[in-house]
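In my numbering, the protein residues as written are 2 to 332.
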Amino acid sequence: MKFITGILFFFSTTAFSQNVQLLDSASHASLRGLSVVNDRVVWASGSDGMVGRSVDSGNTWKWVQVKGFGKTDFRDIEAFNDAQAVIMGIGEPALILRTIDGGEHWKVVYENKLPGMFLDAMEFWNEQSGIVIGDPLEGKFFVARTFDGGNSWRPVPPGYMPDAENGEACFAASGTNIREYKKDAATFVTGGMHSRIFIQNQRINLPLAQGTETSGANSLAVKNTRDFVVVGGDFSKPDDSTGVCAISRNGGKTWAHPIRNPGGYRSCVEFLNGKTWLTCGLNGVDISKDDGVTWDTISTEGFHVCRKAKDGEAVFLAGSDGRIARLSKRE
Numbered sequence: 002m003k004f005i006t007g008i009l010f011f012f013s014t015t016a017f018s019q020n021v022q023l024l025d026s027a028s029h030a031s032l033r034g035l036s037v038v039n040d041r042v043v044w045a046s047g048s049d050g051m052v053g054r055s056v057d058s059g060n061t062w063k064w065v066q067v068k069g070f071g072k073t074d075f076r077d078i079e080a081f082n083d084a085q086a087v088i089m090g091i092g093e094p095a096l097i098l099r100t101i102d103g104g105e106h107w108k109v110v111y112e113n114k115l116p117g118m119f120l121d122a123m124e125f126w127n128e129q130s131g132i133v134i135g136d137p138l139e140g141k142f143f144v145a146r147t148f149d150g151g152n153s154w155r156p157v158p159p160g161y162m163p164d165a166e167n168g169e170a171c172f173a174a175s176g177t178n179i180r181e182y183k184k185d186a187a188t189f190v191t192g193g194m195h196s197r198i199f200i201q202n203q204r205i206n207l208p209l210a211q212g213t214e215t216s217g218a219n220s221l222a223v224k225n226t227r228d229f230v231v232v233g234g235d236f237s238k239p240d241d242s243t244g245v246c247a248i249s250r251n252g253g254k255t256w257a258h259p260i261r262n263p264g265g266y267r268s269c270v271e272f273l274n275g276k277t278w279l280t281c282g283l284n285g286v287d288i289s290k291d292d293g294v295t296w297d298t299i300s301t302e303g304f305h306v307c308r309k310a311k312d313g314e315a316v317f318l319a320g321s322d323g324r325i326a327r328l329s330k331r332e
């Protein structure tokens with residue numbers, strides 16, 4: 002197989018048919034927000050107020066710096082089609098913006114200037130119902146809901162906000178520490194001094210690296226109401242593969258480590274299909290074809306986030322320096 006200089010980069014193993022194909026995004030932002038609408042429409046967001054959109058399967062990109070928000074880090078994005086999307090700015094102040102014209106214009110639909118307010122991730126069940134989670138304030142994780150496609154957001158009553166342990170928080174690493182669990186129910190994972198998964202009224206400890214500000218769970222993926230995979234570790238030790246992944250086969254009640262871990266700290270995990278899962282981090286990308294029991298590295302290129310198309314089979318990745326890639330089959 003030949004390499005195409007300057008645009009495409011392949012790193013593959015003989016055991017797997019997937020390649021990580023680097024794309025020319027023409028951006029230099031650190032990208033942590035990624036939303037793949039279908040096999041052609043992809044949106045990304047990140048630092049310096051940057052938002053990108055592709056309508057041709059990632060081959061070309063249009064980038065905009067959201068006017069008036071050049072210093073905002075948009076660490077999560079949810080796109081509904083090629084025209085409508087919602088982006089999340091993490092803090093100082095915490096912001097949510099929405100566009101209906103492909104990113105040409107944006108409207109602030111939520112703003113929170115409370116000291117310490119820091120948003121971590123969004124999740125949508127459908128085009129109307131969504132949720133955003135933030136770090137704890139006064140001992141409770143911040144949660145807000147939308148029921149009109151992100152046009153308006155309302156914090157849930159304080160009594161319904163989950164309690165946080167001292168030193169426990171979330172990581173705004175990839176927009177995937179909160180996921181749909183079942184109809185109108187979400188589950189999320191935490192890190193820091195404690196690493197737990199919150200499933201409805203249950204709070205379950207996770208067997209991941211924890212106990213420091215840089216360690217804990219960063220991301221989870223849900224195959225169904227039984228099969229979960231959580232990844233994380235310590236982002237200050239990107240090559241340490243100890244305590245970076247845990248799997249559950251009973252809806253999160255109990256957890257086990259893989260037989261062979263991913264190759265280091267991981268910031269995102271995504272369920273693809275069948276028994277196949279993908280995870281990525283600062284030092285590479287790993288794939289599992291046995292429901293997370295064993296992982297094999299398919300690229301040593303670093304990425305923050307990997308997402309599969311909501312309607313389709315396309316899988317994209319994004320990371321630092323505007324790095325965007327597509328998962329493709331080896332030719």
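Just so you know, even glycine gets a beta-carbon here, dropped at the ideal spot from N, CA and C.
The beta strand (DSSP E) with residue i in it runs from where to where?
i, result
"aspartate 204", "Inspection of the sequence shows that residue 204 is occupied by arginine rather than by aspartate. Start and end: 203–206."
"phenylalanine 81", "That residue, phenylalanine 81, is in no beta strand (DSSP E); it is neither H nor E in DSSP."
"asparagine 20", "19–24"
"tryptophan 44", "43–47"
"lysine 63", "63–66"
"methionine 123", "120–125"
"leucine 98", "95–100"
"aspartate 136", "131–138"
"serine 55", "51–55"
"glutamate 112", "108–113"
"serine 58", "Taken as a continuous stretch (DSSP letters only), serine 58 belongs to no beta strand (DSSP E), as it is neither H nor E."
"phenylalanine 148", "Run containing phenylalanine 148: none; DSSP gives neither H nor E here."
"glycine 90", "86–90"
"serine 329", "325–330"
"glycine 176", "Taken as a continuous stretch (DSSP letters only), glycine 176 belongs to no beta strand (DSSP E), as it is neither H nor E."
When you compare only the Cα positions, how much space is there between residue i and residue j?
i, j, result
"asparagine 274", "glycine 313", "11 Å"
"isoleucine 8", "glutamine 22", "Reliability fails at isoleucine 8, whose pLDDT of 29 lies under 50, so the model's placement of it is uncertain and the value that follows must be treated cautiously. Rounded to whole angstroms, isoleucine 8 to glutamine 22 spans 9 Å at the Cα level."
"lysine 183", "arginine 250", "16 Å"
"proline 159", "glutamate 169", "18 Å"
"threonine 147", "glycine 264", "37 Å"
"aspartate 297", "glycine 233", "16 Å"
"glycine 131", "proline 156", "12 Å"
"lysine 276", "lysine 114", "43 Å"
"glutamine 66", "glycine 104", "9 Å"
"leucine 328", "phenylalanine 317", "6 Å"
"aspartate 235", "glycine 217", "7 Å"
"glycine 293", "tryptophan 278", "7 Å"
"leucine 96", "serine 220", "21 Å"
"phenylalanine 229", "alanine 222", "6 Å"
"serine 58", "valine 109", "28 Å"
"threonine 295", "arginine 261", "5 Å"
"serine 13", "histidine 258", "Residue placement at serine 13 is poorly supported in this model, since its pLDDT is 37, which falls under 50; the coordinates are not used for a value here."
Find the nearest neighbour of residue i within the set the options, judged by alpha-carbon distance.
i, options, result
"asparagine 20", "Gly320, Gly285 and Lys311", "Gly285"
"isoleucine 88", "Ser175, Asp136 and Lys114", "Ser175"
"threonine 100", "Trp62, Gln85 and Phe236", "Gln85"
"glycine 92", "Thr73, Ile78 and Gly104", "Thr73"
"threonine 191", "Lys276, Ser58, Leu209 and Gly252", "Leu209"
"lysine 68", "Ser31, His106, Gly47 and Asn39", "His106"
"tyrosine 161", "Phe199, Ala319 and Glu214", "Phe199"
"isoleucine 179", "Gly150, Lys290, Gln201 and Gly212", "Gln201"
"lysine 141", "Phe125, Gly59, Pro163 and Asp149", "Pro163"
"arginine 41", "Lys290, Lys311, Arg204 and Ser321", "Lys311"
Contact defined as beta carbons within less than 8 Å: I believe residue i pairs with residue j. What is the distance between those atoms, to the nearest angstrom?
i, j, result
"tryptophan 64", "glycine 53", "5 Å"
"proline 94", "methionine 118", "7 Å"
"leucine 35", "isoleucine 78", "7 Å"
"lysine 342", "phenylalanine 272", "The requested residue 342 does not occur in the structure, where the chain is confined to residues 2 to 332."
"tryptophan 126", "aspartate 185", "6 Å"
"valine 144", "alanine 80", "Between alanine 80 and valine 144 the Cβ distance is about 22 Å, and since that is not below 8 Å, they are no contact."
**OP:** Would you list, in sequence order, the uninterrupted beta strand (DSSP E) runs of no fewer than 3 residues that lie entirely inside the stretch 239–323?
**Re:** 246–249, 269–274, 277–282, 285–289, 297–300, 306–309 and 316–319
Subject >> Start-end ranges of the beta strand (DSSP E) lying completely within the stretch 181–229, minimum 3 residues >> reply: 186–190, 197–200, 203–206 and 216–223
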